[in-house]
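Below is one structure, written out as structure tokens; the observations come after it.
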Amino acid sequence: MSTELTIGFLPLVDACLPILAHEHGFAEEEGVSIRLVKDMSWATVLDRLLYGHSDAAHLVAPLAIATTLGRGRPAQPLSVPFVLGLNGNAITLRPELAQRVRSGDEIGDPAEAGAALKEIAEERLRAGDPLRFGVVHRYSSHNYMLRYWLAACGIRPDHDVEISTVPPPFCADALKQGEVDGICVGEPWNSVAVEQGAGEIVLSTAQIWRRGVEKVLALREGVLTEKRESVERLIRALCKAGAHFVDPANWELNAGILARPEYLDGSAELIRRAISDQLLIARGGPLVHYPDFMFQHREAANFPWVSQAEWLYTQMVRWDAIPFDAEECRKAAGVFRPDVYRSALLGTGAPLPGASSKVEGSLASTTVVGTQQGSMTLEKNVFFDGVVFDPSDIEGYISHLS
Amino acid sequence: MRIAIIDESAARASIIQEGLAALDDCELFVVTERRGLLARMGEIDPDIVLMDLGNPSRDVLEEYFAVSRALQRPIAMFVDESDDESIAASVEAGVSSYVVDGMAPGRIRPILDLAVRRFNAFSRLQQDLAEAKSKLAERESIDKAKRILMDSRGLPEPKAYAELRKAAMNQGKRIADIAEAIVTAHNLMGNP
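In order, the protein sequence lines correspond to chains V and C.
Residues 261 to 662 (my numbering) are what the first sequence spells out, left to right.
Residues 14 to 205 (my numbering) are what the second sequence spells out, left to right.
Structure, rendered in structure tokens:
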């Protein structure tokens, strides 16, 4: 008898692992059956999680931490035993702006595009019509990546430009109507905007932080404790789904599954591009291959590094204008649960890092790292501005940022 | 009290509106258009906002409220932990609600309960409609299957129906399923 776990998700390509774990029977092999519940806003995904309609959710990572800290609603502790993927988002600008910040058919360079954008932002601010950006949620990696890039290029997100929330399905329309000048969103929504001629892709978020944490599998802390064994089975199934997802032999098949009405209800062609790291950055242009645009499996990509949660907390301090608090920082760090990940995958072939925290953005080249199980090399993981996040000095990092 | 109903389904919005219209001293505003949502909220300046859970603009609205609160504007989410049960009922029914901070729970409760009941009534209507539609589709395939049996085996209509029923009983299936199979097989054999 397999236990059932209900998982909430938003129709985005990076909801792939739970969907494929279900569709390819990896979950059933592990003795869990997955019931998927699709919603159209993060608020509803979160409501279902908090009121017990779902056991787990595909969630933007910062929202798991914000919920634990009680930002925007009463605090409810969430736990993240598995990261569903890294990056996979892009910044898309209206075509006339995109053409001013990057050249030709190439994806932009973050520093150069940022410098060009700064000039435009200043022009627009002087004209009393500041640049407007849409992100998918206040507590999303999209918001933090966009702000990180802007700020590092000398554009102050809360003064020089306006950033507001635009739901992913409305991004292309908002660009087309001129409600926003740029969006930072996951796939397939950048590609939808490109196909409609409403925007052109300027950067992938992987260029801002080469290994940036994106969606996570979040559960209420109490549910994790109560259903620990089933959750560990689920983690093993999701890991198998990850191996299947990144294998080029399966791209066609998986794109077809994800495109179905009950999942993304979208174009298999656009989904296939995202999962094969191919981007059409401008309508009518060539496909550009950007390696590791999405990052779902290699290098223990799903391992919930405590340092990733801490980095997200530093961005929350930075942009919520609520000062650093050691107790809050400890709570934020505690959301990511490498202990559960390890216990689930111990004895399988999956590599397990020796440490639970790392200096983020410090690797400029491929490095072999110590493991508890298996062998593991980590590739370049830098932030585009070269700044390193050392979790042993969080306050120092925050003061350096502001 | 000013109540905004935000729903992309105009049909559902009017069912809720109709229900709430019975309340005294309530002014109702229905918003079905996503464009200009926040500007509309500014104009309406509601005390209570009701929004369907399936609306992608919930994240937009929540951000707006979070920002408004920072500016000391009086609107806040209805997330009083003491009232978990009523929120759970809302989530169940598919409606989310946002209420001005400091409003007496006694005034809010009847409105939310009513909204939840109207939402539930709407989903029952939807269900009935879906059932009626599927019944209609079933009747159509039964008629088609009867016609196929009548044409290919020269049976009179009552006999054709009896054959369908017999097959269904023998195989422990529904008559509609047997009819569906006959129609599919018939089409596969190259018949229009």
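Don't be surprised by glycine CBs; every beta carbon is placed ideally from N, CA and C.
Please read these numbers as outputs of a predicted model, since none were measured by experiment.
Could one say the Cβ of residue i lies closer than 8 Å to chain C's Cβ atoms, at least one of them?
i: R602(V); result: no
i: W302(V); result: yes
i: H549(V); result: no
i: P427(V); result: yes
i: G332(V); result: yes
i: F269(V); result: no
i: Y657(V); result: no
i: H313(V); result: yes
i: S424(V); result: yes
i: D307(V); result: yes
i: H318(V); result: no
i: H504(V); result: no
i: H397(V); result: yes
i: F393(V); result: no
i: F430(V); result: yes
When DSSP labels each residue in this structure, what does residue i get in the three-state scheme?
i: Y550(V); result: coil
i: Q85(C); result: With a pLDDT of only 44 at Q85(C), under the threshold of 50, the placement of this residue in the model should not be trusted; the figure read from the coordinates follows. Coil, per DSSP.
i: S154(C); result: helix
i: V628(V); result: strand
i: S616(V); result: coil
i: G268(V); result: strand
i: M202(C); result: coil
i: L344(V); result: coil
i: S70(C); result: coil
i: V292(V); result: strand
i: Q359(V); result: helix
i: V648(V); result: coil
i: F132(C); result: helix
Alpha carbon to alpha carbon, how far is residue i from residue j?
i: S635(V); j: F342(V); result: 19 Å
i: A79(C); j: E193(C); result: 54 Å
i: A34(C); j: L41(C); result: 7 Å
i: Q85(C); j: G446(V); result: A caution first: Q85(C) carries a pLDDT of 44, below 50, which makes its placement in the model unreliable, though a value can still be read off. Q85(C) and G446(V): Cα-Cα distance of roughly 33 Å.
i: A303(V); j: R178(C); result: 50 Å
i: I279(V); j: N349(V); result: 19 Å
i: A581(V); j: P337(V); result: 22 Å
i: L63(C); j: L463(V); result: 38 Å
i: L669(V); j: F286(V); result: As displayed, chain V neither begins before 261 nor continues past 662, which places residue 669(V) out of reach and without an answer.
i: P87(C); j: E98(C); result: With a pLDDT of only 45 at P87(C), under the threshold of 50, the placement of this residue in the model should not be trusted; the figure read from the coordinates follows. Their Cα atoms are separated by approximately 24 Å.
i: A145(C); j: S22(C); result: 20 Å
i: V113(C); j: R578(V); result: 28 Å
i: H660(V); j: V476(V); result: 28 Å
i: P123(C); j: D585(V); result: 40 Å
What residues match up with residue i in a beta bridge as DSSP calls it?
i: F741(V); result: Given a span of 261 to 662 for chain V in the structure shown, any question on residue 741(V) remains unanswerable.
i: S464(V); result: A350(V)
i: W302(V); result: Its beta-bridge partners do not exist; DSSP assigns none.
i: H318(V); result: L477(V)
i: W469(V); result: F643(V)
i: S339(V); result: L479(V)
i: L539(V); result: V548(V)
i: T328(V); result: Paired residues: none, contrary to the question.
i: L41(C); result: I16(C)
i: M116(C); result: According to DSSP, M116(C) bridges with nothing at all.
i: L240(V); result: For chain V, the structure presents residues 261 to 662; residue 240(V) sits outside this window and is missing.
i: V595(V); result: In the DSSP output, where bridge partners are listed per residue, V595(V) has none listed.
i: V215(V); result: Within the shown structure, residues of chain V are numbered from 261 to 662, placing residue 215(V) beyond reach of any answer.
Between residue i and chain V, is any beta-carbon pair separated by less than 8 Å?
i: D72(C); result: yes
i: G55(C); result: no
i: L66(C); result: yes
i: I100(C); result: yes
i: L84(C); result: Below a pLDDT of 50, predicted positions are generally treated as unreliable, and L84(C), at 49, falls in that range; no measurement from the model is reported.
i: A79(C); result: yes
i: V104(C); result: yes
i: P69(C); result: yes
i: E193(C); result: no
i: S109(C); result: yes
i: E76(C); result: yes
i: R47(C); result: yes
Three CB pairs or more closer than 8 Å across the segment 412-429 of chain V and the segment 62-73 of chain C: Judged by pairs of C-beta atoms under 8 Å, the segment 412-429 of chain V touches the segment 62-73 of chain C, as three or more such pairs exist.
Pairs of beta-carbons, one from the segment 483-502 of chain V and one from the segment 552-564 of chain V, closer than 8 Å: are there three or more? Using a C-beta cut-off of 8 Å, the segment 483-502 of chain V makes contact with the segment 552-564 of chain V, since at least three inter-stretch Cβ pairs fall below that distance.
Per the contact definition of three or more C-beta pairs closer than 8 Å, is the segment 281-297 of chain V in contact with the segment 365-372 of chain V? Here the segment 365-372 of chain V makes no contact with the segment 281-297 of chain V; the two share fewer than three CB pairs at distances below 8 Å.
Count the C-beta pairs between the segment 314-325 of chain V and the segment 390-401 of chain V that are closer than 8 Å, then say yes if the count reaches three, no if not. Result yes; three or more Cβ-Cβ pairs closer than 8 Å.
Taking three-plus beta-carbon pairs below 8 Å as touching, is the segment 304-314 of chain V in contact with the segment 501-513 of chain V? No, they do not touch.
Should the segment 19-38 of chain C be called in touch with the segment 619-637 of chain V, which here means at least 3 C-beta pairs below 8 Å? Note that the segment 19-38 of chain C does not touch the segment 619-637 of chain V; fewer than 3 beta-carbon pairs, one per stretch, sit closer than 8 Å.
Cβ pair count under 8 Å reaching 3, the segment 353-365 of chain V against the segment 512-528 of chain V: Under the 8 Å Cβ criterion, the segment 353-365 of chain V does not count as touching the segment 512-528 of chain V, having fewer than three qualifying pairs.
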